[in-house]
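Quick note: the sequence shown uses my numbering, first residue 242, plus one each step.
For glycine and all other residues, C-beta sits at the position ideal for the given N, C-alpha and C.
Keep in mind the model is a prediction, meaning the values are calculated, not measured.
Since the structure comes first, as structure tokens, the remarks are kept for the end.
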Amino acid sequence: KEESRGNEDHVNIIRDYRSKIETELSSICDGILRLLDTRLIPSASSGDSKVFYLKMKGDYHRYLAEFKTGVERKEAAESTLSAYKAAQDIAVAELALTHPIRLGLALNFSVFYYEILNSPDHACNLAKQVCISCYVC
242 KEESRGNEDH VNIIRDYRSK IETELSSICD GILRLLDTRL IPSASSGDSK
292 VFYLKMKGDY HRYLAEFKTG VERKEAAEST LSAYKAAQDI AVAELALTHP
342 IRLGLALNFS VFYYEILNSP DHACNLAKQV CISCYVC
């Protein structure tokens with residue numbers, strides 16, 4: 242909006258501030274991802290803790306994918322998909338269909354398909370599949 246008004250000074254301030262915020266967000270996400278990879282995921286022993294931490298890993302990669310661009314966005318999206326798939330594999334094997342962590346994973350996975358991969362059909366199908374599975378139980 243500021244660009245269309247010709248407010249170049251405002252545009253530059255906004256860009257600088259956005260860059261500062263994105264750098265800060267990257268740092269926070271990277272720190273949490275390091276903690277997950279070095280401590281939390283390796284020490285998880287139960288199915289629900291493994292799924293929870295892998296879901297969390299996918300979530301933080303998804304947060305990065307929300308504002309990164311180009312190759313960095315692609316890498317963050319691939320890491321998100323990998324973490325969510327790993328969590329899903331364990332959830333299917335070890336958690337009940339109605340387990341809250343499994344349902345949260347399905348919800349976040351569908352958000353990923355919708356928001357990051359721009360695949361609303363896949364997102365809706367995943368959500369619908371989970372709802373139908375829970376209804377049958």
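Residue i - DSSP class collapsed to helix/strand/coil
i, result
"residue 360", "coil"
"residue 239", "The chain is shown only over 242 to 378; residue 239 falls outside these bounds and no answer can be derived."
"residue 302", "helix"
"residue 344", "helix"
"residue 279", "helix"
"residue 287", "coil"
"residue 266", "helix"
"residue 261", "helix"
"residue 321", "helix"
"residue 332", "helix"
"residue 393", "What is shown of the chain runs 242 to 378, which leaves residue 393 out entirely."
"residue 309", "coil"
"residue 274", "helix"
Burial state of residue i (16 or more Cβ within 10 Å)
i, result
"residue 329", "buried"
"residue 334", "exposed"
"residue 373", "exposed"
"residue 258", "exposed"
"residue 337", "exposed"
"residue 326", "exposed"
"residue 296", "buried"
"residue 298", "buried"
Nearest-angstrom beta carbon gap, residue j and residue i [assumed within contact, 8 Å]
i, j, result
"residue 331", "residue 292", "5 Å"
"residue 244", "residue 308", "Contact flag wrong, Cβ pair sits at about 19 Å."
"residue 274", "residue 294", "No, residue 274 and residue 294 are not in contact; Cβ-Cβ is about 11 Å, not under 8 Å."
"residue 347", "residue 364", "Rounded, the Cβ-Cβ distance is 10 Å, inconsistent with contact."
Original post:
Is the segment 317–333 close to the segment 289–308, with three or more CB pairs under 8 Å?
Top reply: Of all C-beta pairs linking the segment 317–333 to the segment 289–308, three or more are shorter than 8 Å, placing the two stretches in contact.
**OP:** State whether the segment 353–361 contacts the segment 333–343, with contact taken as three or more CB pairs (one from each stretch) at a distance under 8 Å.
**Re:** Taking a cut-off of 8 Å on C-beta distances, the segment 353–361 does not touch the segment 333–343, as fewer than three cross pairs fall below it.
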